[in-house]
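Q: The structure follows.
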Amino acid sequence: MVSESYVLFCFPKATLDILSDNQKGIAFADHGAHWQLHRKLALNAFALFKDGNLKLEKIINQEANVLCDFLATQHGEAIDLSEPLSLAVTNIISFICFNFSFKNEDPALKAIQNVNDGILEVLSKEVLLDIFPVLKIFPSKAMEKMKGCVQTRNELLNEILEKCQENFSSDSITNLLHILIQAKVNADNNNAGPDQDSKLLSNRHMLATIGDIFGAGVETTTSVIKWIVAYLLHHPSLKKRIQDDIDQIIGFNRTPTISDRNRLVLLEATIREVLRIRPVAPTLIPHKAVIDSSIGDLTIDKGTDVVVNLWALHHSEKEWQHPDLFMPERFLDPTGTQLISPSLSYLPFGAGPRSCVGEMLARQELFLFMSRLLQRFNLEIPDDGKLPSLEGHASLVLQIKPFKVKIEVRQAWKEAQAEGSTP
11 MVSESYVLFC FPKATLDILS DNQKGIAFAD HGAHWQLHRK LALNAFALFK
61 DGNLKLEKII NQEANVLCDF LATQHGEAID LSEPLSLAVT NIISFICFNF
111 SFKNEDPALK AIQNVNDGIL EVLSKEVLLD IFPVLKIFPS KAMEKMKGCV
161 QTRNELLNEI LEKCQENFSS DSITNLLHIL IQAKVNADNN NAGPDQDSKL
211 LSNRHMLATI GDIFGAGVET TTSVIKWIVA YLLHHPSLKK RIQDDIDQII
261 GFNRTPTISD RNRLVLLEAT IREVLRIRPV APTLIPHKAV IDSSIGDLTI
311 DKGTDVVVNL WALHHSEKEW QHPDLFMPER FLDPTGTQLI SPSLSYLPFG
361 AGPRSCVGEM LARQELFLFM SRLLQRFNLE IPDDGKLPSL EGHASLVLQI
411 KPFKVKIEVR QAWKEAQAEG STP
């Protein structure tokens, strides 16, 4: 047992110091007043999207429909889903953070995508700096690239922040940036709780938190959706069974909703199995012990860097039958009609106080995107017969190697559309 609940709260420095602007934001900041405040404010922002016109499900389905409308123009073509998926997921995050979405041709969108790609590339290579921080005194092209990416990201986000501050009204709080600005106003006016120190709500702190939400929210969800599609290409009979469920339970005259998740159990089990067999963050985010502690018989000294091997947990033969096999049915009861939790070692979004702040968003995105895609399209192997590799590319995010999928609008969808019954 871990002797204290907060002993592994902080993260090692080096590479991540640049990304977090020296411990700002929520993803890589050490445990303390700043982290507690910004995580609370981020959770408050997600709470805005539970009901009404801002309901998260509605926002996700809007972007899923835009994505599907684009894919319909690619009927018969084999395409890489990365760019259109990234646009759709970026716009969901943008709506949560700013209450607006980007157009496909917007140069700011391409800049954000390039920044995220650059940061991931550096994080996948610069592990030596985390192991030997003294190497920071030597020039590093990768570190310079990281600094450039963070600077570009902050310039883009700062422009949005300044516009939002100019037009801010406490009577209209509709996104994360509004919540951060309101907290700053309250702190400046001595109208806030003891945890809301104005020094912890500077523009740089706000930019780091917004940057974390973008960084964690876009590439992870995009990667998992591509992994799901890849596994379905390798298992066409499973894909057909899922589509049969969608046809029978939802049909073609309405859009899938989150309430369908407990009925489309095979699809949900497939999503959960992909998150197990190809965890999006196979080592989670590195931690650091903040006090002397122990796990079982193992002593952990204060300051020790700690990595959680989620890959090992998800592939342990002690916890999973045939762990290297893709078996969605492991998340279903013997009747195949109820979802189950087969192991406490299933932690795709981490656990405890530092678990993924956007877990609810990610789970909804995965289900709604995949149900909508499979409702409208047959996703097929390209004519060259080339299946996607399931090996992956190790990074902070487990990325699938680029692949193409053939897009075919389903005949049943076409017929329903001709009758005017599609949503």
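Numbering (the numbering used here), first residue to last: 11 to 433.
Ideal Cβ positions, reconstructed from N, Cα and C, are used throughout, including at glycine.
Source: prediction; values computed, not measured.
If you draw a straight line from the C-alpha of Thr-162 to the C-alpha of Ala-121, how long is it?
A: Taking the first residue of the sequence shown as 1, we reach residue 162 at position 152. Taking the first residue of the sequence shown as 1, we reach residue 121 at position 111. When rounded, the distance between both Cα atoms is 8 Å.
Q: Pair every Cβ in the region 347 to 357 with every Cβ in the region 269 to 279, then say whether three or more of these pairs are closer than 8 Å.
A: In short, these stretches touch, since the Cβ pair count reaches three.
Q: Cα separation between Asn-124 and Pro-344?
A: Your numbering for residue 124 matches position 114 in the sequence shown. Your numbering for residue 344 matches position 334 in the sequence shown. Those two C-alpha atoms are separated by around 46 Å.
Q: Could you have a look at Thr-345 and say whether DSSP puts it in helix, strand or coil?
A: Here residue 345 refers to the residue found at position 335 when the sequence shown is read from its first residue. Here Thr-345 sits in coil by DSSP.
Q: Tell me which residue opens and which closes the alpha helix (DSSP H) that Ile-252 is part of.
A: Looking up residue 252 in the sequence shown gives position 242. First-last of the alpha helix (DSSP H) with Ile-252: 246 to 259.
Q: If you compare alpha carbons, which of Leu-376, Lys-416, Phe-387, Gln-385 is closest to Gly-395?
A: As a working note, residue 395 is residue 385 in the sequence shown. Selected option, being the one with the closest Cα: Lys-416.
Q: Using the rule of at least 16 other Cβ atoms within 10 Å of the residue's Cβ for burial, across every protein chain shown, is Asp-393 buried or exposed?
A: Looking up residue 393 in the sequence shown gives position 383. Exposed, by the Cβ-count rule.
Q: For Asp-27, tell me which candidate among Ile-259, Arg-49, Leu-248, Pro-296 has the shortest Cα-Cα distance.
A: Counted from its first residue, the sequence shown places residue 27 at position 17. Ranking Ile-259, Arg-49, Leu-248, Pro-296 by Cα distance to Asp-27 puts Pro-296 first.
Q: Spatial neighbours of Val-314 within its chain, please: C-beta separation below 6 Å, excluding the five flanking residues on both sides.
A: As a first step, residue 314 is located in the sequence shown; it is residue number 304 there, counting from the start. Here the sequence assigns Thr to residue 314, which means Val is not the residue at that position. Closer than 6 Å at the Cβ level, and outside the excluded window around Thr-314, lie Ala-299.
Q: Identify which residue in Ala-291, Leu-47, Leu-91, Ile-252 has its Cα closest to the Cα of Leu-133.
A: Numbered from its first residue, the sequence shown carries residue 133 at position 123. Measuring from the Cα of Leu-133, the nearest candidate turns out to be Ala-291.
Q: Can you look up Gln-421 in the DSSP assignment and give me helix, strand or coil?
A: One-based indexing of the sequence shown puts residue 421 at position 411. In the structure shown, Gln-421 sits in a helix (DSSP, three-state: H, G or I).
Q: Out of curiosity, what's the CA-to-CA distance linking Leu-354 and His-85?
A: In the sequence shown, the residue the question calls residue 354 occupies position 344. In the sequence shown, the residue the question calls residue 85 occupies position 75. Cα to Cα, the separation comes out at about 42 Å.
Q: Would DSSP call Ile-89 helix, strand or coil?
A: Against the sequence shown, residue 89 aligns to sequence position 79. Reduced to three states, the DSSP call for Ile-89 is strand.
Q: Report the CB separation of Ile-223 from Ile-103 in whole angstroms; it is logged as a contact under 8 Å.
A: Looking up residue 223 in the sequence shown gives position 213. Looking up residue 103 in the sequence shown gives position 93. Correct: roughly 6 Å between the Cβ atoms.
Q: If contacts are defined as beta-carbon pairs under 8 Å, then Ile-256 and Ser-381 qualify, I think. What distance do you get, rounded to the angstrom?
A: Residue 256 sits at position 246 when you count from the first residue of the sequence shown. Residue 381 sits at position 371 when you count from the first residue of the sequence shown. Correct: roughly 6 Å between the Cβ atoms.
Q: Less than 8 Å separating the beta-carbons of Val-318 and Arg-49?
A: Taking the first residue of the sequence shown as position 1, residue 318 is located at position 308. Taking the first residue of the sequence shown as position 1, residue 49 is located at position 39. No, Cβ-Cβ distance for Val-318 and Arg-49 is not below 8 Å.
Q: Which of the three DSSP states, helix, strand or coil, is assigned to Ser-353?
A: Your numbering for residue 353 matches position 343 in the sequence shown. Ser-353 falls in the coil class under three-state DSSP.
Q: I need the DSSP call for Phe-336, collapsed to helix, strand or coil.
A: What you label residue 336 is simply residue 326 of the sequence shown in a count that begins at 1. If DSSP states are grouped into helix, strand and coil, Phe-336 belongs with coil.
Q: What whole-angstrom Cβ distance do Met-370 and Glu-283 have, given they're in contact under 8 Å?
A: Position 360 of the sequence shown, counting from 1, holds the residue named residue 370. Position 273 of the sequence shown, counting from 1, holds the residue named residue 283. Not confirmed; about 20 Å, so no contact.
Q: Would you identify the three-state DSSP class for Phe-377, choosing helix, strand or coil?
A: Within the sequence shown, residue 377 is the residue found at index 367, counting from 1. Correct three-state label for Phe-377: helix.
Q: Going by other Cβ atoms of all chains shown within 10 Å of its Cβ, with 16 needed for buried, is Leu-138 buried or exposed?
A: Residue numbering aside, residue 138 sits at position 128 when the sequence shown is read from its first letter. Note that Leu-138 has pLDDT 44, beneath the 50 cutoff, so the model's placement of it is unreliable and the number below is only indicative. When all chains shown are included, Leu-138 counts as exposed.
Q: Helix, strand or coil: how does DSSP classify Glu-390 here?
A: Taking the sequence shown and counting its residues from 1, one reaches residue 390 at position 380. Residue state, collapsed to three classes: strand.
Q: At what residues does the beta strand (DSSP E) containing Ile-310 begin and finish?
A: Against the sequence shown, residue 310 aligns to sequence position 300. It spans 308 to 310 - the beta strand (DSSP E) in which Ile-310 sits, taken as one unbroken run.
Q: Suppose the cutoff is 7 Å on Cβ atoms and the five residues either side in sequence are ignored; what does the same chain contact list for Glu-418 look like?
A: One-based indexing of the sequence shown puts residue 418 at position 408. The answer, listed in chain order, is His-85, Gly-86, Phe-387, Asn-388, Glu-390.
Q: Of the choices Ile-36, Cys-78, His-403, Asn-75, whose alpha-carbon is the least far from that of Pro-289?
A: What you label residue 289 is simply residue 279 of the sequence shown in a count that begins at 1. Per the Cα distances, His-403.
Q: So which of Lys-312, Cys-174, Gly-306 has the shortest CA-CA distance to Phe-110?
A: Reading the sequence shown from its first residue, position 100 is the one you call residue 110. Looking at the Cα atoms, Cys-174 is the closest of the given residues.
Q: Is the region 51 to 69 close to the region 244 to 251, with three or more CB pairs under 8 Å?
A: With the cut-off at 8 Å, the region 51 to 69 and the region 244 to 251 do not touch.
Q: Excluding the five sequence neighbours on either side, which residues of its own chain have a C-beta within less than 7 Å of the C-beta of Arg-214, listed in chain order?
A: For the purposes of this step, residue 214 is taken as the residue at position 204 of the sequence shown. Hits under 7 Å: Asp-31, Lys-34.
Q: Compare the C-beta of Phe-112 with all C-beta atoms of chain B and state if any pair is closer than 8 Å.
A: Among the chains of the structure shown, chain B does not appear; only one protein chain is present.
Q: Whole angstroms is fine: what's the gap from Phe-413's alpha carbon to Leu-320's?
A: For the purposes of this step, residue 413 is taken as residue 403 along the sequence shown, with counting starting at 1. For the purposes of this step, residue 320 is taken as residue 310 along the sequence shown, with counting starting at 1. Looking at the two C-alpha atoms, the distance is approximately 25 Å.
Q: Measure the Cβ-Cβ separation of Ile-189 and Asn-54 and say whether it is below 8 Å.
A: For the purposes of this step, residue 189 is identified with residue 179 of the sequence shown, where counting begins at 1. For the purposes of this step, residue 54 is identified with residue 44 of the sequence shown, where counting begins at 1. Yes. Within cutoff.
Q: In angstroms with no decimal places, state the Cα-to-Cα distance between Ala-197 and His-44.
A: Here residue 197 refers to the residue found at position 187 when the sequence shown is read from its first residue. Here residue 44 refers to the residue found at position 34 when the sequence shown is read from its first residue. Cα to Cα, Ala-197 sits roughly 13 Å from His-44.
Q: When DSSP builds the beta bridges, which residues end up paired with Val-316?
A: Looking up residue 316 in the sequence shown gives position 306. Partner(s): His-297.
Q: Could you have a look at Lys-454 and say whether DSSP puts it in helix, strand or coil?
A: A question about residue 454 goes unanswered here, because the residues of the chain that appear run from 11 up to 433.
Q: Rounded to whole angstroms, how far is the Cβ of Gln-192 from the Cβ of Ser-208, which I believe are closer than 8 Å?
A: Residue mapping note: residue 192 aligns to position 182 of the sequence shown, counting from 1. Residue mapping note: residue 208 aligns to position 198 of the sequence shown, counting from 1. So it is not a contact: roughly 13 Å between Cβ atoms.
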